[in-house]
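**Q** So the sequences go chain by chain: A, B and C. Its first residue numbered 3, the first sequence is counted upward by one per residue in our numbering. Its first residue numbered 5, the second sequence is counted upward by one per residue in our numbering. Its first residue numbered 244, the third sequence is counted upward by one per residue in our numbering. We treat Cβ as the ideally placed atom computed from N, Cα and C, and that holds for glycine.
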Amino acid sequence: MAISRRTIALVAGCIVLALVPPIAALTNQPFYVDLFRRMMIFALAAVSLDLILGYGGMVSFGHAAYLGIGAYAVGIPAFHGVESGWLQWGLAIVASALTALVIGAISLRTSGVSFIMITLAFAQMLYYLGISLETYGGDNGMRLAGRSRFGGLVDLREPTVFYYVVLGILILFLALGSRLVASRFGMVVRAAKANEPRARAIGFSPLRYKLTAFVIAGSGGGLAGALLANQTEYLTPDFMHWTRSGEIMFMVILGGMGTLFGPVIGAVALLLLEDVLSALTTHWQIILGPILVLVVLFAKRGLFGLLVGAEARDG
Amino acid sequence: MAEPLLSIRGLSKRFGGLLASDRIDLDVTRGETHAIIGPNGAGKTTLIGQLAGDLRPDAGSIRFADQDVTRLGAPHRAQRGLARSFQVTSIFRDFTALDNVVLAVQAHRGSSFRFWRPARAEPALRGPARVALESVGLGARADVRAANLAHGEQRQLEIAMALATEPRLLLLDEPVAGMGLEESQRMVRFLSTLKRRITIVLVEHDMDAVFTLADRISVMVYGRIIATATPPEIRGNDEVRRAYLGEDQT
Amino acid sequence: MSISLALVLEQTLNGLQYGVMLFLMAAGLTLVFGIMNLVNLAHGSLYMVGAYLATAFTERTGSFVLGVALALPATLLVGVLVEVVALRTLYERDHLDQVLATFGLILFFNELIAIVWGRAAIFTSVPQFLSGHFRVLPGLPYPTYRAAIILVGLAVAILLWVLVTHTRLGMRIRAGASNRTMIAALGVDIRFLYTLVFGLGAALAGLAGAMAGPLYSVQPGMGEAILIQVFVVIVIGGIGSIRGAIVGAIVVGMADTLGRAFLKPMLATVISPPAADKAGPALASMSIYLLMAAVLFFRPEGLFPARSRS
Numbered sequence: 003m004a005i006s007r008r009t010i011a012l013v014a015g016c017i018v019l020a021l022v023p024p025i026a027a028l029t030n031q032p033f034y035v036d037l038f039r040r041m042m043i044f045a046l047a048a049v050s051l052d053l054i055l056g057y058g059g060m061v062s063f064g065h066a067a068y069l070g071i072g073a074y075a076v077g078i079p080a081f082h083g084v085e086s087g088w089l090q091w092g093l094a095i096v097a098s099a100l101t102a103l104v105i106g107a108i109s110l111r112t113s114g115v116s117f118i119m120i121t122l123a124f125a126q127m128l129y130y131l132g133i134s135l136e137t138y139g140g141d142n143g144m145r146l147a148g149r150s151r152f153g154g155l156v157d158l159r160e161p162t163v164f165y166y167v168v169l170g171i172l173i174l175f176l177a178l179g180s181r182l183v184a185s186r187f188g189m190v191v192r193a194a195k196a197n198e199p200r201a202r203a204i205g206f207s208p209l210r211y212k213l214t215a216f217v218i219a220g221s222g223g224g225l226a227g228a229l230l231a232n233q234t235e236y237l238t239p240d241f242m243h244w245t246r247s248g249e250i251m252f253m254v255i256l257g258g259m260g261t262l263f264g265p266v267i268g269a270v271a272l273l274l275l276e277d278v279l280s281a282l283t284t285h286w287q288i289i290l291g292p293i294l295v296l297v298v299l300f301a302k303r304g305l306f307g308l309l310v311g312a313e314a315r316d317g
Numbered sequence: 005m006a007e008p009l010l011s012i013r014g015l016s017k018r019f020g021g022l023l024a025s026d027r028i029d030l031d032v033t034r035g036e037t038h039a040i041i042g043p044n045g046a047g048k049t050t051l052i053g054q055l056a057g058d059l060r061p062d063a064g065s066i067r068f069a070d071q072d073v074t075r076l077g078a079p080h081r082a083q084r085g086l087a088r089s090f091q092v093t094s095i096f097r098d099f100t101a102l103d104n105v106v107l108a109v110q111a112h113r114g115s116s117f118r119f120w121r122p123a124r125a126e127p128a129l130r131g132p133a134r135v136a137l138e139s140v141g142l143g144a145r146a147d148v149r150a151a152n153l154a155h156g157e158q159r160q161l162e163i164a165m166a167l168a169t170e171p172r173l174l175l176l177d178e179p180v181a182g183m184g185l186e187e188s189q190r191m192v193r194f195l196s197t198l199k200r201r202i203t204i205v206l207v208e209h210d211m212d213a214v215f216t217l218a219d220r221i222s223v224m225v226y227g228r229i230i231a232t233a234t235p236p237e238i239r240g241n242d243e244v245r246r247a248y249l250g251e252d253q254t
Numbered sequence: 244m245s246i247s248l249a250l251v252l253e254q255t256l257n258g259l260q261y262g263v264m265l266f267l268m269a270a271g272l273t274l275v276f277g278i279m280n281l282v283n284l285a286h287g288s289l290y291m292v293g294a295y296l297a298t299a300f301t302e303r304t305g306s307f308v309l310g311v312a313l314a315l316p317a318t319l320l321v322g323v324l325v326e327v328v329a330l331r332t333l334y335e336r337d338h339l340d341q342v343l344a345t346f347g348l349i350l351f352f353n354e355l356i357a358i359v360w361g362r363a364a365i366f367t368s369v370p371q372f373l374s375g376h377f378r379v380l381p382g383l384p385y386p387t388y389r390a391a392i393i394l395v396g397l398a399v400a401i402l403l404w405v406l407v408t409h410t411r412l413g414m415r416i417r418a419g420a421s422n423r424t425m426i427a428a429l430g431v432d433i434r435f436l437y438t439l440v441f442g443l444g445a446a447l448a449g450l451a452g453a454m455a456g457p458l459y460s461v462q463p464g465m466g467e468a469i470l471i472q473v474f475v476v477i478v479i480g481g482i483g484s485i486r487g488a489i490v491g492a493i494v495v496g497m498a499d500t501l502g503r504a505f506l507k508p509m510l511a512t513v514i515s516p517p518a519a520d521k522a523g524p525a526l527a528s529m530s531i532y533l534l535m536a537a538v539l540f541f542r543p544e545g546l547f548p549a550r551s552r553s
């Protein structure tokens with residue numbers, strides 16, 4: 003059996019990511035563990051967005067809201083002395099899922115331009131809600147009392163341990179996501195995106211499937227948020243700012259919409275780009291902005307497509 | 005006599021100043037092949053839209069398979085056994101032909117809230133899908149991307165998708181539109197094999213197809229049905245002649 | 244704190260004034276959505292450009308009126324430039340592409356402004372001849388400047404109404420909002436119409452920004468905060484509809500202003516003051532989004548959609 007380019011790319015990617023901590027230790031650059039861990043966390047957020055954006059055709063411009071919910075689901079309990087990772091991360095997922103359910107139920111009644119604006123508006127609403135939480139830092143946010151605890155299982159205070167936990171979660175999410183998009187459910191969501199009138203004509207009511215996908219994506223975002231709070235050990239409402247949503251969207255596009263693995267590359271690429279540019283000048287956004295415009299206009303297929311070729315791209 | 009499979013009463017639809025459907029009454033009996041013809045602008049597309057569930061009528065009712073479906077959307081009607089093909093070919097272009105039909109089968113076989121097993125590998129879905137594809141003559145093209153199929157093949161694919169849902173009624177919107185002579189004859193031959201087993205309602209301009217397939221023909225002009233009769237009777241009907249050919253011809 | 248009638252009236256007028264700002268932004272944006280089917284996130288940047296240019300021109304010329312009068316055509320020019328250079332290619336693209344590309348433009352503009360004027364907020368004062376209060380009603384003094392804004396808004400609304408209902412251009416705009424392909428088929432010069440509409444929207448946004456200077460702080464990123472509320476206005480009002488923009492703007496302006504002013508004291512009558520202290524501001528900032536959710540629940544196309552339902 004021939005091994006496809008796609009499989010090679012995936013395995014190679016996993017190996018590269020797994021080797022970062024040892025290499026960082028060898029070269030005495032612990033900063034890289036931190037950097038790549040951050041990339042993987044955003045990769046998780048981007049992959050979860052790809053489920054609805056790439057596969058479902060739902061242009062949700064409010065995905066960062068779930069990052070924020072997940073982060074505060076860790077931060078608020080920690081503030082009150084509840085440090086159990088099980089509880090915090092569980093809360094992150096459940097709270098994001100419920101929020102996605104409500105937002106999705108309302109937003110999915112519309113489509114096109116309205117849908118984009120509404121998801122944006124709801125995310126901004128949550129942003130303002132975060133700002134109004136005076137007890138938890140309001141505008142300025144707050145320090146995380148301590149990283150999530152998992153009893154004797156893992157100690158997230160160890161950078162390398164935390165790194166592999168994140169890597170594990172990312173790989174698990176990608177594996178589950180792969181099954182999901184090929185499953186009956188995934189096929190309906192993709193069909194609704196491809197040709198909704200046709201999907202309806204054969205007997206599918208797309209709304210319930212889209213909403214479910216929306217909730218799953220939101221939960222993924224929430225988990226990413228919980229990880230992010232642990233990563234930065236500081237959480238602010240800025241996690242939910244709509245420019246964050248735009249950034250995550252860009253990761254999906256840059257990496258390749260509807261590929262699941264592309265957004266991982268997209269996250270790495272965009273964060274690297276931001277890092278490099280911000281080292282050049284404090285006004286790096288004036289360079290990033292036009293780059294983003296050019297990517298949209300000319301390179302929409304995404305990096306993953308370039309890597310593995312067009313046919314291998316579609317699962 | 006058994007209740008008609010499809011029963012339309014007083015169906016009306018207005019678009020601004022235009023009365024596209026004007027108190028339409030129609031009965032389609034089980035096993036019948038019923039053609040709807042009429043000059044352009046007669047309101048056939050609007051009628052199909054209301055039958056399929058894409059358009060809401062302003063007045064009147066539609067009864068299908070012993071149920072009032074007037075307020076029900078297309079998915080519900082499909083679940084009740086109404087399958088359709090579109091005037092402009094509408095398929096899932098980026099999926100293979102087989103995947104297209106698998107989706108149609110999936111819609112009627114169990115819940116689609118399954119998140120783990122790959123749908124395309126399910127024998128319960130692939131089997132019937134292959135059968136449907138073979139029956140329309142696309143068996144060899146199962147793994148071709150739908151967008152890469154020839155126009156005529158794509159229209160066959162639509163029929164396969166419709167059949168895969170095991171429908172009671174097949175609603176065909178200009179099934180041979182855009183097909184060459186040989187292709188359309190093949191399609192008509194195939195559709196004849198479906199007669200009796202499935203009730204068919206078709207809208208068509210191709211008179212050869214209509215007169216070959218139809219048990220009864222309804223003629224629409226300006227949103228109204230002016231005649232419903234057997235093909236020979238329609239052929240000899242003066243009013244129909246006038247509607248199609250104009251006043252100064254016999 | 245007791246709520247007096249004078250306070251309610253004052254806040255109502257404030258709501259109207261804020262509604263005017265929203266309307267000026269929404270009118271341009273909804274036309275661009277409706278006619279060109281373009282999602283333009285960078286509309287807020289034009290508002291920002293208008294504010295900065297007005298501030299700069301006012302400083303140069305020493306006259307506020309002159310400053311605003313110069314800022315308008317200048318912003319229009321910037322808008323036209325952006326349209327010709329960057330946005331033309333986007334008309335054919337899907338909404339996702341438009342969203343992302345205009346998002347890139349926002350980053351660009353915010354940073355450009357920061358480079359030229361710095362990141363710190365600039366505070367401009369209300370011009371002398373519009374400062375102070377005047378008596379709207381006995382016992383109700385109201386800031387003259389804010390009243391002027393309301394009047395300007397009224398004037399613009401009337402002018403737009405005349406333009407849309409009584410001129411050839413307006414007819415084309417209405418036709419375009421309702422069926423884009425049709426007017427192209429009828430031979431109307433689409434390119435020019437698009438650029439014109441976009442320029443008009445830019446000028447309106449610039450006007451809003453120019454008038455906003457003395458009231459709100461002028462800083463990079465100021466466009467985005469108001470832009471999202473403008474989205475809410477359009478969603479509530481209905482895409483492509485000026486009438487919807489007016490109604491939506493007033494509704495949102497009122498809801499936001501009155502909510503901020505009165506939600507806390509109103510809540511305090513029902514629940515304990517400390518709880519109201521926390522819940523009040525939170526609910527106030529959420530209020531317009533909750534309103535949007537409510538409208539959408541019953542009318543997903545908005546209150547006055549320009550396109551007929553199919």
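By the DSSP assignment, the alpha helix (DSSP H) with P265(A) in it spans what residues?
**A** P265(A) -> alpha helix (DSSP H) spans G264 to L282.
**Q** Using 9 angstroms as the threshold, is the C-beta distance between R97(B) and A184(A) below it?
**A** Cβ atoms of R97(B) and A184(A): not closer than 9 angstroms.
**Q** Can you tell which of R228(B), R84(B) and P79(B) has the C-alpha that lies nearest to the C-alpha of T49(B)?
**A** Checked all of R228(B), R84(B) and P79(B); the closest Cα to T49(B) is R228(B).
**Q** I'd like the list of long-range same chain contacts for L201(C), defined as Cβ closer than 8 angstroms, with 5 residues on each side in sequence excluded.
**A** In this structure chain C extends from 244 to 553, so residue 201(C) is not present and cannot be described.
**Q** Tell me whether the beta-carbon of L217(B) lies closer than 9 angstroms to the beta-carbon of V192(B).
**A** In this structure, V192(B) lies closer than 9 angstroms to L217(B) by Cβ.
**Q** Taking the C-alpha atoms as reference points, what is the distance between T74(B) and R121(B)?
**A** For T74(B) and R121(B), the distance between alpha carbons rounds to 36 angstroms.
**Q** Can you tell which of I482(C), L406(C) and A492(C) has the C-alpha that lies nearest to the C-alpha of G114(A)?
**A** Comparing Cα-Cα distances from G114(A) to each of I482(C), L406(C) and A492(C), the minimum goes to I482(C).
**Q** Nearest-angstrom Cα distance between L2(A) and Y68(A)?
**A** Residue numbering for chain A in the displayed model covers 3 to 317; residue 2(A) lies beyond these limits and cannot be assessed.
**Q** Answer with buried or exposed for H376(C), where buried requires no fewer than 16 other C-beta atoms within 10 angstroms of its C-beta.
**A** That one is exposed.
**Q** Per the contact definition of three or more C-beta pairs closer than 8 angstroms, is the segment 408-418 of chain C in contact with the segment 306-324 of chain C?
**A** No, the segment 306-324 of chain C does not touch the segment 408-418 of chain C.
**Q** Counting Cβ pairs closer than 8 angstroms, one from the segment 116-126 of chain A and one from the segment 57-65 of chain A, do we hit at least three?
**A** Yes, since at least three Cβ pairs between the segment 116-126 of chain A and the segment 57-65 of chain A fall closer than 8 angstroms, the two stretches touch.
**Q** Alpha carbon to alpha carbon, how far is L129(B) from M165(B)?
**A** Approximately 12 angstroms, taken between the alpha carbons.
**Q** Would you mind sorting E243(B) into buried or exposed? The rule is 16 or more other CB atoms within 10 Å of its CB.
**A** That one is exposed.
**Q** Please say whether E7(B) and T93(B) have beta carbons closer to each other than 9 angstroms?
**A** In this structure, E7(B) does not lie closer than 9 angstroms to T93(B) by Cβ.
**Q** Could you give the DSSP three-state label for Y385(C): helix, strand or coil?
**A** Strand, per DSSP.
**Q** May I have the straight-line CA-CA distance separating I71(A) from R39(A), to the nearest angstrom?
**A** Straight-line Cα distance between these residues: approximately 20 angstroms.
**Q** List the residues of chain B that F206(A) touches, going by C-beta distances under 9 angstroms, in chain order.
**A** Within 9 angstroms Cβ-Cβ: P79, A82, L107, Q110, A111 and S116.
**Q** Here's a check: name, in chain order, each residue in its chain whose Cβ is nearer than 8 angstroms to the Cβ of I133(A), leaving out the five neighbours to either side.
**A** Excluding residues within five positions, the ones whose Cβ falls inside 8 angstroms are G140, D141 and P239.
**Q** In chain order, what residues of the same chain have a beta carbon less than 7 angstroms from the beta carbon of L172(A), not counting five sequence neighbours either side?
**A** Cβ neighbours of L172(A) beyond the five flanking positions: M42, A45 and L46.
**Q** Can you tell me whether M268(C) is helix, strand or coil according to DSSP?
**A** DSSP places M268(C) in helix when its eight states are reduced to three.
**Q** Could you compute how far the alpha carbon of G13(B) sits from the alpha carbon of G64(B)?
**A** First, the residue type needs correcting, since residue 13(B) is Arg and not Gly in the sequence shown. If you take the alpha carbons of R13(B) and G64(B), they lie about 6 angstroms apart.
**Q** Just verifying my parser: in three-state terms, what is the DSSP assignment at K507(C)?
**A** Three-state result, K507(C): helix.
**Q** Starting from the beta carbon of M279(C), find every residue of chain A whose beta carbon is closer than 7 angstroms, and list them in chain order.
**A** Within 7 angstroms Cβ-Cβ: nothing; M279(C) doesn't reach chain A, min ~11 angstroms.
**Q** Quick check on the burial criterion: 16 or more other C-beta atoms within 10 angstroms. Buried or exposed for A82(B)?
**A** A82(B) comes out buried.
**Q** Listed from N- to C-terminal order along the chain, which residues in the segment 27-53 of chain A have their beta-carbon within a distance smaller than 8 angstroms of any beta-carbon of chain C?
**A** Answer set for the segment 27-53 of chain A: empty.
**Q** What does a CB cutoff of less than 6 angstroms around N585(C) pick up in its chain, not counting 5 residues either side in sequence?
**A** Residue 585(C) cannot be examined here, being either before or after the span of chain C that is shown, 244 to 553.
**Q** From N280(C), S374(C) and L355(C), pick the residue whose C-alpha is nearest to that of L330(C); which is it?
**A** Of the candidates N280(C), S374(C) and L355(C), the one whose C-alpha sits nearest the C-alpha of L330(C) is N280(C).
**Q** Go ahead and label L324(C) buried or exposed: buried means 16 or more other beta carbons lie within 10 angstroms of its beta carbon, across all protein chains shown.
**A** Label assigned to L324(C): exposed.
**Q** Taking a Cβ distance cut-off of 7 angstroms, strictly less, list which residues of the segment 153-185 of chain B are near chain A, in chain order.
**A** Result list: M165 and T169.
**Q** Rounded to the nearest angstrom, what separates R151(A) and H65(A) at their Cα positions?
**A** Each residue's alpha carbon lies about 26 angstroms from the other.
**Q** Does the separation of the CB atoms of F119(B) and F187(A) fall below 9 angstroms?
**A** Against a cut-off of 9 angstroms, the Cβ pair of F187(A) and F119(B) comes out as a contact.
**Q** I'd like the list of long-range same chain contacts for G491(C), defined as Cβ closer than 6 angstroms, with 5 residues on each side in sequence excluded.
**A** So the qualifying residues of the chain are V476, I479 and G480.
**Q** Roughly how many angstroms separate the alpha carbons of A219(A) and I95(A), rounded to a whole number?
**A** Spanning the two alpha carbons is a distance of roughly 10 angstroms.
**Q** Alpha carbon to alpha carbon, how far is Y261(C) from E126(B)? Give it in angstroms, no decimals.
**A** Near 59 angstroms, if we compare the C-alpha coordinates of Y261(C) and E126(B).
**Q** Helix, strand or coil: which one does DSSP assign to L450(C)?
**A** Note: L450(C) maps to helix in three-state DSSP.
**Q** In this structure, how does DSSP classify S185(A) when only helix, strand and coil are distinguished?
**A** Note: S185(A) maps to strand in three-state DSSP.
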